[in-house]
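**Student:**
Residue numbers (the numbering used here): 2 to 524.
Structure (structure tokens):
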């Protein structure tokens, strides 16, 4: 009882410890995955920060370049002397303000906001656009400008598309004679910025980055296409071309992104696989433990059943031996009968012991057979003689049907007699209520079969698939409390297959069973 209690305790501990191992492994896998993700995020953050630093440096350089030109103009323009506006600026414009196309001085004191000075660097066909720009400024741009009241000399910029074309103007207010307000406007040449300035400021000779500029609608204005991703940084220009956005992607970012994605997928697969392996391993261990427990239980039952099986013939031998020793035998005929019974029971005892020994040899893989030509009918006759006394004692009629002419078969006579004895013993145990057993030897195509037919309770369909496995006993054995070793039919199958034959069962539950042992015929 204490051993059983210890076994239950060990199984309970196993069932508690193994799920804990699984849970701990899953938690460890999750933490490893999260740690890997955090390390990857740090690497990604460093790339993003480097890209952001580069982006900020680029947009600030452009803003600084435009504002520096605006400051040069602010130092030269005097609202009190609009006539000198062109002379002062045009002489240094190409060198100091290369992106400024024209300067305008607007009188804010008049209702119509009259342009009192207009100086342009345009020549040829470009000059025709100047008048159009003058009208655009007065009619459309001035209403969009943030003009201070009273006038303040604060530099501002207006960047907007008009009539499908992008314009950038810098403007600030000045006071003229008598405190009259004027507006100084510097018209920056956007196409020149794109074609001349952008390549100089944003070019990367090392190829370490890819840069482009997109407009308000996301259309590409400058540079090659940049694939949007987690390592692409975009920032609008702060004060000048604020309607446009600069986008920067490090060349290594694409490779890094692909590597991160591959590593993330690999780590996810590894963690998932590890967890699955652990779960499957634990399930296998649980299955193996349960299987080993059942096997141990079957072996314990086997030992107990073997002991009981040995006691029965030993008890008969002992009883008849005592009768003979005490002289309580009424006649010589009865003495001969007792001696014959003792011989048969000793043969049965020998068969039981050989069963156990043969089973042990099969388990160790050391079973050997000596095949010689033989008669299967004679083997059946000898096996029946061993069990005749037991059959008569239990009131079971054993009917033998053996043809006069049988093909010669190559057999190990001892092993085959053991197999037939096991089939007969099985029938006597489980079908004795049928009161009749038929042993027939029949010739079929290419084989000679021993068929043992009983009229007992039969074998359930589920049991038929496993009935020849070791330690397996059918449902009828459990319900009828019939003792048995559970190795007899397993040995029948092993012996049949060793002879190149087969062992089968045909049964309808409740209508008896037919066990078939087939051996190839020599012909």
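Where is the CB? At the ideal position from N, CA and C, for every residue including glycine.
1. Could you say which of 275, 196, 312 lies nearest to residue 25 if we only look at CA atoms?
2. Throw me the rounded Cβ distance for the residue 110 and residue 182 pair, which I believe falls under 8 Å.
3. Compare the Cα-Cα distances from residue 496 to each of 108, 100, 74, 421 and report the closest residue.
4. I need the DSSP call for residue 521, collapsed to helix, strand or coil.
5. I'd like to confirm the pairing. Which residues does DSSP put opposite residue 503 in its beta bridges?
6. What three-state label does DSSP hand residue 471 in the structure shown?
7. Is there contact between the stretch 384-404 and the stretch 463-474, where contact requires at least three CB pairs shorter than 8 Å?
8. Nearest by alpha-carbon distance to residue 416: which of 380, 514, 104 is it?
9. Please say whether residue 247 and residue 214 have beta carbons closer to each other than 9 Å?
10. Is the stretch 185-205 touching the stretch 276-293, taking contact as three or more C-beta pairs under 8 Å?
11. Would you kindly report the start and end of the unbroken beta strand (DSSP E) that includes residue 454?
12. Taking the DSSP output, what are the residues bridged to residue 374?
13. Between the alpha carbons of residue 322 and residue 343, how many angstroms are there, rounded?
14. Rounded to the nearest angstrom, what separates residue 351 and residue 311 at their Cα positions?
15. Looking only at its chain, what residues have a beta carbon closer than 8 Å to the beta carbon of residue 501, apart from the 5 residues adjacent to it on each side?
16. Would residue 80 and residue 104 qualify as a contact pair, given that the criterion is a beta-carbon distance under 9 Å?
17. Is the separation between the beta-carbon of residue 518 and that of residue 453 shorter than 9 Å?
18. Could you check where the alpha helix (DSSP H) with residue 95 kicks off and where it finishes?
19. Give the straight-line distance between the Cα atoms of residue 409 and residue 442, rounded to the nearest whole angstrom.
20. Look at the alpha carbon of residue 162 and the alpha carbon of residue 51, and state the distance between them as a whole number of angstroms.
21. Under the rule that 16 or more other beta-carbon atoms within 10 Å means buried, what is residue 4, buried or exposed?
22. If you count every other CB in all the chains shown that lies within 10 Å of the CB of residue 301, and 16 or more means buried, which is it?
23. Do you know how far the Cα of residue 472 is from the Cα of residue 394?
24. Within 10 Å of its beta-carbon, does residue 445 have 16 or more other beta-carbons around it, so buried, or fewer, so exposed?
25. Can you tell me whether residue 494 is buried or exposed, with buried defined as 16 or more other CB within 10 angstroms of its CB?
26. Using the beta-carbon count (16 or more within 10 Å), is residue 436 buried or exposed?
27. Using a Cβ-Cβ cutoff of less than 7 Å, which residues in the same chain neighbour residue 55 once the five nearest sequence positions on both sides are dropped?
28. Does residue 291 pass the burial test, meaning 16 or more other C-beta atoms within 10 Å, or should it be called exposed?
29. Select from 222, 20, 388, 329 the residue whose C-alpha is nearest the C-alpha of residue 313.
30. When you compare only the Cα positions, how much space is there between residue 2 and residue 458?
31. I believe residue 374 touches residue 332 by the beta-carbon criterion, under 8 Å. Please report the beta-carbon distance rounded to the nearest angstrom.
32. Using 10 angstroms around the beta-carbon of residue 438, count the other beta-carbons present and answer buried if the total reaches 16, otherwise exposed.
33. Just to confirm before moving on: does the CB-CB distance between residue 114 and residue 86 stay below 9 Å?
34. Contact defined as beta carbons within less than 8 Å: I believe residue 490 pairs with residue 427. What is the distance between those atoms, to the nearest angstrom?
35. Which residue comes first and which comes last in the alpha helix (DSSP H) that contains residue 464?
36. Could you tell me the distance, in whole angstroms, from the CA atom of residue 97 to the CA atom of residue 234?
**Tutor:** Let me spell this out:
1. Distance from the Cα of residue 25 is smallest, within the candidate group 275, 196, 312, for 275.
2. About 6 Å separates the beta carbon of residue 110 from that of residue 182, a gap short enough to meet the 8 Å contact definition.
3. For residue 496, the closest alpha carbon among the candidates 108, 100, 74, 421 is that of 421.
4. Residue 521 falls in the strand class under three-state DSSP.
5. Answer is 519.
6. Correct three-state label for residue 471: coil.
7. Not touching, per the Cβ criterion.
8. Checked all of 380, 514, 104; the closest Cα to residue 416 is 380.
9. In this structure, residue 214 places its C-beta atom within 9 Å of the C-beta atom of residue 247.
10. With fewer than three CB-CB distances shorter than 8 Å, the stretch 185-205 does not count as touching the stretch 276-293.
11. Start and end: 448-455.
12. DSSP lists 411 as partners of residue 374.
13. Looking at the two C-alpha atoms, the distance is approximately 8 Å.
14. Across the structure, residue 351 and residue 311 are spaced so that their CA atoms are roughly 9 Å apart.
15. Hits under 8 Å: 520, 521.
16. Taking 9 Å as the cut-off, the Cβ atoms of residue 80 and residue 104 do not count as close.
17. Residue 453 sits close to residue 518, with the two beta carbons spaced by under 9 Å.
18. For residue 95, the enclosing alpha helix (DSSP H) stretches over residues 94-97.
19. Between residue 409 and residue 442, the C-alpha separation is close to 13 Å.
20. Roughly 32 Å between the two C-alpha positions.
21. Below a pLDDT of 50, predicted positions are generally treated as unreliable, and residue 4, at 48, falls in that range; no measurement from the model is reported.
22. Answer is exposed; the Cβ neighbour count stays below 16.
23. Per the coordinates, the alpha-carbon of residue 394 lies some 27 Å from the alpha-carbon of residue 472.
24. When all chains shown are included, residue 445 counts as exposed.
25. Per the 10 Å Cβ criterion, buried.
26. With fewer than 16 other Cβ atoms within 10 Å, it is exposed.
27. Excluding residues within five positions, the ones whose Cβ falls inside 7 Å are 210, 249.
28. Of the residues assessed, residue 291 falls on the exposed side of the cut-off, its CB having fewer than 16 other CB atoms within 10 angstroms.
29. Looking at the Cα atoms, 388 is the closest of the given residues.
30. Residue confidence is low: residue 2 scores 45 on pLDDT, short of 50, so the model does not pin down where it sits. No coordinate-derived value is stated.
31. The beta-carbon separation of residue 374 and residue 332, rounded to 43 Å, does not stay under the 8 Å limit for a contact.
32. With 16 or more Cβ atoms within 10 Å of its Cβ, residue 438 is classed as buried.
33. At least 9 Å separates the beta-carbon of residue 114 from that of residue 86.
34. With a beta-carbon spacing of about 6 Å, residue 490 and residue 427 fall inside the 8 Å limit used to define contacts.
35. Residues 462-465.
36. Inter-residue distance for residue 97 and residue 234 is about 32 Å (C-alpha atoms, whole angstroms).
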